[in-house]
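Student: Chains as they are written, first to last, in this note's numbering: chain A, 1 to 382; chain B, 383 to 698.
1) Between residue 296(A) and chain B, is any beta-carbon pair separated by less than 8 Å?
2) Express the C-alpha separation of residue 431(B) and residue 419(B) in angstroms, rounding to a whole number.
3) With a Cβ-Cβ cutoff of 8 Å, do residue 502(B) and residue 471(B) count as a contact?
4) Fully enclosed by the stretch 532-571 of chain B, which alpha helix (DSSP H) runs are 4 residues long or longer?
5) I'd like the ranges of any alpha helix (DSSP H) spanning at least 4 consecutive residues and lying wholly in the stretch 158-235 of chain A.
6) Does residue 24(A) pass the burial test, meaning 16 or more other C-beta atoms within 10 Å, or should it be called exposed?
7) For residue 262(A), collect the residues of the same chain with a Cβ closer than 6 Å to its Cβ; drop the 5 residues on either side in sequence, then sort them by chain order.
8) Is residue 348(A) closer than 8 Å to residue 375(A) when the C-beta atoms are compared?
9) Expressed to the nearest angstrom, what Euclidean distance is found between the alpha-carbon atoms of residue 112(A) and residue 61(A)?
10) Given that a residue counts as buried once 16 or more other Cβ atoms are within 10 Å of its Cβ, and exposed if not, what is residue 148(A)?
11) Can you list, in chain order, the residues of its chain with a C-beta nearer than 8 Å to that of residue 440(B)? Leave out the 5 residues immediately preceding and following it.
12) Taking residue 694(B) as the reference, give the member of 686(B), 671(B) and 662(B) with the closest Cα.
13) Could you give the DSSP three-state label for residue 70(A): helix, strand or coil?
14) Check residue 149(A) in the structure and name its three-state DSSP category.
15) Taking the alpha carbon of residue 138(A) as the point to measure from, which residue in 55(A), 365(A), 128(A) and 152(A) has its own alpha carbon closest?
16) Distance check for residue 360(A) and residue 122(A), CA to CA, integer angstroms please.
17) I'd like the list of long-range same chain contacts for residue 2(A), defined as Cβ closer than 8 Å, with 5 residues on each side in sequence excluded.
18) Runs of 3 residues minimum, wholly inside the stretch 17-88 of chain A: which ones carry the beta strand (DSSP E) assignment?
19) Counting only C-beta atoms, is residue 236(A) closer than 8 Å to chain B at any point?
20) Can you list the residues of chain A that residue 630(B) reaches, using a CB-CB cut of under 9 Å?
21) Strictly below 8 Å CB to CB, what residues from chain A border residue 586(B)?
22) Report the residue from 445(B), 465(B) and 426(B) whose alpha carbon sits nearest the alpha carbon of residue 391(B).
23) Report all residues from its chain with a CB closer than 8 Å to the CB of residue 256(A); omit the five preceding and five following residues, and keep chain order.
24) Where residue 127(A) and residue 87(A) are concerned, what is the direct C-alpha to C-alpha distance, given to the nearest angstrom?
25) Is residue 486(B) helix, strand or coil when you go by DSSP?
26) Return yes when the Cβ of residue 198(A) is within less than 8 Å of the Cβ of residue 97(A), no when it is not.
27) At what residue ranges does the stretch 386-463 of chain B contain a whole run of the beta strand (DSSP E), taking only runs of 3 or more?
28) Note down, in chain order, all residues in the stretch 639-673 of chain B with a beta-carbon under 9 Å from any beta-carbon belonging to chain A.
29) Anything in chain B within Cβ reach of residue 199(A), meaning under 7 Å, just list it in chain order.
30) Is residue 112(A) helix, strand or coil when you go by DSSP?
31) Check whether the Cβ atoms of residue 457(B) and residue 426(B) sit closer than 8 Å, and answer yes or no.
32) Does the beta-carbon of residue 101(A) have 16 or more other beta-carbons within 10 angstroms, so that it is buried, or is it exposed?
33) With distances taken Cα to Cα, identify the nearest neighbour of residue 377(B) among 576(B), 608(B), 528(B) and 651(B).
34) Does the distance from the CB of residue 305(A) to the CB of residue 271(A) come in under 8 Å?
35) Can you tell me whether residue 163(A) is buried or exposed, with buried defined as 16 or more other CB within 10 angstroms of its CB?
36) Is the stretch 66-79 of chain A touching the stretch 330-349 of chain A in the sense that three or more CB pairs, one from each, lie closer than 8 Å?
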């Protein structure tokens, strides 16, 4: 396991597009690269296997908008109106269930050097809706910290969000690359880890640090003043799942202070049907796709509703026993499931967005320099 | 390069460049009979003879008609890959190639030493194949399949997308799948569903394809003389689904039992989403008289029914 402590060690080659060699981020990557070989070329291998591509970091300038609403999923499932920063696409880890295997065209990890444009786009959003409290994240299409030793992007984002009144950044990761984070006096930043039982990490989350390492990193971040988040996503229906997920909850709360946990998400395994073939061919040994699943109302494959309910109920109650006040939400779930487990449900995605803000304001308002949120300031994002 | 008439007997019976499966071509036969071979073939000179690169059907027809010579263009070693690309192009213009034919064409390109890069650039677009990393491995697998499997693929024109289900089977499983298909006369969509179910049960329970097949005792279903073909297919699928989706079927059965306990009036129908995903149950009432309205109201007010609905809501 020791070799997986540092996800960055998976990178074996850096390709820099000739047009952006002089950009600040490209220079930073080159100066941080240590022994990793690099070349400057516009030719990027496009037909290599993903397994190989995940070892190549391609530094480039991607066209188009870089800050977008989370693609979410179709009704009636509820989503949280997260805003995604497209700073880096793909990830050096190789999780069997990862939707990016099928979602992204390029097999290599693409790092976008247009940081000033990202900042401009975020500023534009914040100016347009000054009373809405935004949650931004870089961990949707990649891992927020896996490449941080090379890119140092965490510092840029933390320093930017520190100055904002109506926004927070979530750095979502499976890695333990928190070195730079510990050098900064944090504000308006949630560092979050996706968690799973150790047997799942070993068999399904290849090349990632163990749960213990992740929780050690979380504890260090908390001690440094960061708010934390945890994502039970995907929750897998495996043998002894009750015991295994209970242990994960117990480990979390024996490692960190529940009062400094901003939010915890629960989401069971779900994937577009086309991903199944990709998983079958890339990971013939995995069994996760052979559980009983149905095609959900949004077209994605999911566990049966009674099974999902049982999974959530068990984990939710255990979390609540340690953290009565922490904000727990379900990712892409039915209002009915919210209702059954928590006794209430948001009316729509906008209200869920508001619930986040309300919880943050109630628990961390002064620290986050927040104004009291009002539901009308949270419109539905299309 | 010039076109010469070469004696047919000097063309070796070497079909290593032949990738098409179609043997009969009556139009071509009639045309050769009437006007002779008008389009020269491509041949490659060997020691003491020639090897055909294209025109295999023309050669066969010419031989059948007792012709002594045939017009041909002799190409040299260095231009073989270019000529072969041309041959593929010509073939595609005449009719779309099957997946097996495409696999053979790629095999010949590989034998000619053509680079992957060149194939991706020059051949795959002609063959309408995606340049994804595992393609060449999949095509190799198709080329190595037994003739019976290739024939099934060609008979039903299995596409690369449909081929996927079969690509994850090992030789034993594939042979068994073909046996099932042959014994019942399964179409690819049916075979694909059955193969998927058997494979997924096996994966989940750590059993081989054959073990699942034997464990479920599927042979008697296939052999049952009293059952029609369609009934056999339905029964096979049902047995497999019972094993593949035990919880779903169990929950559906429980709902069904509850519905039966409700003693529904004939004007009321209770149903639910088969996947159990859409929340709630659907109550359909057809009123033909005010008596129907009363019966429905009574049905809804009935405490026993309300209790059963409560139980149903736990599942749906």
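Even glycine gets a Cβ: it sits at the ideal position worked out from N, Cα and C.
None of the values given here were measured: they were computed from a predicted structure.
Tutor: According to the data block:
1) yes
2) Their backbone Cα atoms lie some 20 Å apart in a straight line.
3) no
4) 542-549 and 553-566
5) 198-204 and 211-223
6) exposed
7) 190, 227 and 229
8) Their beta carbons are not under 8 Å apart, which means residue 375(A) does not touch residue 348(A) by this criterion.
9) Taking the straight line joining both Cα atoms gives about 5 Å.
10) buried
11) 410, 414, 419, 421, 423 and 452
12) 662(B)
13) coil
14) In this structure, residue 149(A) counts as helix in the three-state DSSP scheme.
15) 152(A)
16) 20 Å
17) A caution first: residue 2(A) carries a pLDDT of 39, below 50, which makes its placement in the model unreliable, though a value can still be read off. Within the same chain, and ignoring the five residues on either side of residue 2(A) in sequence, no residue has its Cβ closer than 8 Å to its Cβ.
18) 38-40, 56-60, 67-69 and 83-85
19) no
20) 292, 294 and 304
21) 287, 290 and 291
22) 445(B)
23) 215, 218, 219, 222 and 228
24) Going by the C-alpha atoms only, they are around 21 Å apart.
25) helix
26) no
27) 423-428, 431-434 and 451-457
28) 655, 656, 657, 658, 659, 660, 661 and 662
29) Going along chain B, no residue has its Cβ under 7 Å from residue 199(A), so there is no contact; the nearest lies around 16 Å.
30) strand
31) yes
32) buried
33) No statement about residue 377(B) is possible, as the shown extent of chain B runs from 383 to 698 and does not include it.
34) no
35) Looking at its Cβ environment, which holds fewer than 16 other Cβ atoms inside 10 Å, residue 163(A) is exposed.
36) Contact between the stretch 330-349 of chain A and the stretch 66-79 of chain A is established, with three or more Cβ pairs separated by less than 8 Å.
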